[in-house]
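Numbering (our numbering), first residue to last: 8 to 97.
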Ligand SMILES: [Zn+2]
């Protein structure tokens, strides 16, 4: 695991289990600094719409669909139970 810019592993090779949130898969593979940045984007809906987050990640060769981001933000994924600390926007 390196920085976002060094991370070019395809998502299909990252997946460790068949179940879960794609946002969680990405977050779990980032180092602490990068995870903090991505979480700040996810929790800052005013400045980062799902499209902005997706486009910023694509610049670092990380693919995250709008659907995954939106579902994660609606808390309809396993992250709510597994990582409540990821949600800081109330
Ligand atoms: Zn999630």
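Beta carbons: idealized from backbone N, C-alpha and C, even for Gly. These numbers were taken from a predicted model, which means no experiment stands behind them.
{"Item": "contact_flag[the region 60-72, the region 88-95] where n(CB pairs < 8 Å) is 3 or more", "Value": "no"}
{"Item": "Nearest-residue set for ligand 1, Cβ under 5 Å from any heavy atom", "Value": "28, 30, 31, 79, 84 and 86"}
{"Item": "Proximal residues to residue 88 (C-beta, below 8 Å), its chain only, five neighbours per side dropped", "Value": "none"}
{"Item": "Residue 50: CB within 7 Å of a non-hydrogen atom of ligand 3", "Value": "With respect to ligand 3, the structure shown offers nothing to examine, as its ligands consist of ligand 1."}
{"Item": "Cut-off 6 Å between Cβ atoms - residues of its own chain near residue 30, not counting five sequence neighbours on either side", "Value": "75 and 79"}
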